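Residue numbers (our numbering): 3 to 164.
Where a beta carbon is used, it is the ideal one built from N, C-alpha and C, also for glycine.
These numbers were taken from a predicted model, which means no experiment stands behind them.
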């Protein structure tokens, strides 16, 4: 059994106990670029150590896009659906009017998803996601503290006026 087949077999046995990263991958099996701001932020680094994809493992389709754009999107097949056959991960990308740009973006997203699928918590994408979540929680905590300080300050001002 080859390595991707082994991971696929382990993926099928996920009912026993799934780690947090596996549940995240399962929820995000089909995604598009706007739904993942983390991937955009992680791509800015350009230092991610991602697994390479071979063209033999990919299945590519061009379908009609949806959403705003009217006749321009309804009559052209510029939406790219890319499937990684060993893992079963599907990515749908319809960011731009250009098929070539959509193909490139879909491959980048799929590469990050496959890396996350195989490496799990050791993946750079997962680490980036965790750090952004920590930063978001810290920002929220600081905002609450500032709000409490403002309330206390206003109360003290009202007491001084009385």
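In the three-state reduction of the DSSP assignment, residue 77 falls in the coil class. When DSSP states are grouped into helix, strand and coil, residue 63 belongs to the strand group. In the DSSP assignment, residue 96 forms no beta bridge with any residue. Under the three-state reduction of DSSP, residue 111 is assigned to helix. In the same chain as residue 81, and ignoring 5 residues on each side of it, the C-beta atoms closer than 6 Å to its own belong to 65, 67, 96, in chain order. Note on geometry: alpha-carbon atoms of residue 89 and residue 75 lie some 30 Å from one another. Separation of residue 91 and residue 54 (C-alpha to C-alpha, rounded to the nearest whole angstrom) is 15 Å. Within the same chain, no Cβ atom closer than 7 Å to the Cβ of residue 154 is found once the five residues on either side in sequence are excluded. For residue 145, the enclosing alpha helix (DSSP H) covers residues 126–163. Under the three-state reduction of DSSP output, residue 118 falls in the helix class. Under DSSP, the beta-bridge partners assigned to residue 85 are 61, 92. Residue 104 carries a helical assignment under DSSP once its states are collapsed to helix, strand and coil. It is roughly 34 Å from the alpha-carbon of residue 105 to the alpha-carbon of residue 139. Around the C-beta of residue 58, fewer than 16 other C-beta atoms lie within 10 Å, and the residue is accordingly described as exposed. Shown here, residue 54 sits in coil according to DSSP, grouped into three states, outside any helix or strand. Between residue 111 and residue 93, the gap from beta carbon to beta carbon is short of 8 Å.
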